[in-house]
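Worksheet: one structure, shown below.
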Amino acid sequence: MTPDILCIGSVLWDIIGRSNAHMQKGSDVPGRITRIPGGVALNIAMAAKAYGMTPALLSVVGRDAEGDELVAALDRLGLVTDTLYRSEDLPTDVYMAIEGGNGLIAAIADAHSLEAAGDKVLRPLHGLGFTGPIVVDGNLTQDLLAGIAVDPRFTGTDLRIAPASPGKAERLLPFLVHDSATLYVNLEEANLLLHAPQPDTMTAAEALRAHGLYRALVTDGPNPAACAHPGGTVKIQPRNVMVTRVTGAGDTFMAAHIAAEASGADPDAALKRALEAAATYVSGDTY
1 MTPDILCIGS VLWDIIGRSN AHMQKGSDVP GRITRIPGGV ALNIAMAAKA
51 YGMTPALLSV VGRDAEGDEL VAALDRLGLV TDTLYRSEDL PTDVYMAIEG
101 GNGLIAAIAD AHSLEAAGDK VLRPLHGLGF TGPIVVDGNL TQDLLAGIAV
151 DPRFTGTDLR IAPASPGKAE RLLPFLVHDS ATLYVNLEEA NLLLHAPQPD
201 TMTAAEALRA HGLYRALVTD GPNPAACAHP GGTVKIQPRN VMVTRVTGAG
251 DTFMAAHIAA EASGADPDAA LKRALEAAAT YVSGDTY
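First residue of the sequence shown? That's 1 in UniProt numbering, and the numbers climb one at a time after it.
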C-alpha cells in the first residue's frame, strides 16, 4: 500500500477503565475495562483510515508478545506497519486511563520506549519522497521535536502537530515559528504555549499564528472552536452532546480535519466536519 498520510509518534496499547459514575480520589466503582490499540499517532491513523485515507506509522513497537499482537491488530485494520521500528530490547508502550461520568479522572502514559528510540523512528523517511500530510505527536522527546522543527526534510511539508497532553504541550514551542505547520491544541494547551491566559479560542488561535506559525486550531470542549489561517479566522460552535468518553476525542477531531481538507473542504467546512466527528465520538454514537 502507498500511504497518503504519515503518523509519527506513540503507538501502544490503551487500557481504559470507564464508569458512568461521577468519581473522585479514592472512588471504587463498577464499570468496564478495555484494552485497545492506541497512542496519539495511532489514534489519528485509525481515524484517518476510517475516513478513507491510507496511513503509515512511524513509531517503535517492541518485539515482545504485546508488540506482535499489536502489529497484527494494526495489519488487520489496514494500516501500513512496515515503517515501524521493531525493537529487540524495548518493551511495547502502554497508556492507562480512568474515565468517569465527570470526565477523565487520571491517566498514566508509559511512552518510555518511544522516548528511548529517539530518531530511529524517522529512518523510513530516507528516500521516501513523501508529499502528503505528516502528523507529529508530542510524545516524542523534546530534543527530537526540536530537531524536526528545523530538519530540512520537513521544510515546506504539510506538518500537522498534536500535543500528547497539556503536560507535554511546551515541547511544541519550536513549531510556533514553523511556516508550514498546523498546530492542533485545546485552550489550556494554547495558554501554556503562549505563557499567558487567553479569553477564548479565537484570541488564542490568532496569538499562536502571530508567532510565525502557518495555522492554529484551538478547541475548548463545548465552547466555540477556532481556526486561524492565512486567509483569516473561523470560529464555530460545536454540537451539544452527552459526553460518554473523552480519551481520543482530540485525535478524532484532528484526523477528521485532515481528511476533510484532503477531500477539498475549505477552512470553514473542514472545521465543521472535525467538530461533528468529535461530537459523534464523545457521545459514543460510533466506536
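By construction, the Cβ of each residue, glycine as well, lies at the ideal position given by its N, Cα and C atoms. Model, not experiment: these values are computed from the prediction.
Alpha-carbon spacing of residue i relative to residue j, whole angstroms
i           : j           : result
residue 25  : residue 100 : 11 Å
residue 44  : residue 282 : 15 Å
residue 228 : residue 112 : 34 Å
residue 151 : residue 128 : 15 Å
residue 34  : residue 108 : 15 Å
residue 263 : residue 28  : 46 Å
residue 277 : residue 117 : 33 Å
residue 120 : residue 242 : 42 Å
residue 48  : residue 148 : 22 Å
residue 244 : residue 42  : 21 Å
Residue range of the unbroken beta strand (DSSP E) whose run includes residue i
i           : result
residue 209 : Element bounds for residue 209: not the beta strand (DSSP E) but the alpha helix (DSSP H), 201 to 210.
residue 70  : Looking at the DSSP string, residue 70 is not in any beta strand (DSSP E); the run it does join, the alpha helix (DSSP H), is 65 to 76.
residue 6   : 5 to 8
residue 96  : 94 to 100
residue 235 : 232 to 236
residue 12  : 12 to 18
Cβ-based neighbour list, residue i, same chain, cut-off 8 Å, excluding 5 preceding and 5 following
i           : result
residue 194 : 204, 207, 208
residue 22  : 100, 101, 102
residue 155 : 180
residue 287 : Summary for residue 287: the model assigns pLDDT 45, below 50, so the residue's position carries little reliability, and this model does not support an answer.
residue 80  : 1, 3, 54, 55, 56, 57
Element boundaries [alpha helix (DSSP H), containing residue i]
i           : result
residue 281 : 267 to 283
residue 110 : Where residue 110 is concerned, there is no enclosing alpha helix (DSSP H), although the beta strand (DSSP E) it sits in stretches over 103 to 110.
residue 228 : Not the alpha helix (DSSP H): residue 228 falls in the beta strand (DSSP E), residues 223 to 229.
Neighbourhood of residue i by C-beta distance below 7 Å, restricted to the same chain and skipping five residues each side
i           : result
residue 220 : 186, 187, 201
residue 272 : 236
Three-state secondary structure (DSSP) of residue i
i           : result
residue 188 : helix
residue 153 : helix
residue 218 : strand
residue 245 : coil
residue 56  : strand
residue 160 : strand
residue 90  : coil
residue 125 : helix
residue 287 : At residue 287, the pLDDT of 45 sits below 50, so the modelled position is not reliable and the matter cannot be decided from this model.
residue 40  : helix
residue 264 : coil
residue 61  : strand
Whole-number beta carbon distance between residue j and residue i, since they are thought to touch under 8 Å
i           : j           : result
residue 184 : residue 217 : 5 Å
residue 38  : residue 95  : 6 Å
residue 92  : residue 54  : 24 Å between Cβ atoms; not a contact.
Nonlocal neighbours in the same chain, by C-beta distance under 6 Å from residue i, ignoring five residues either side
i           : result
residue 254 : 44, 162, 184
residue 189 : 163, 166, 169
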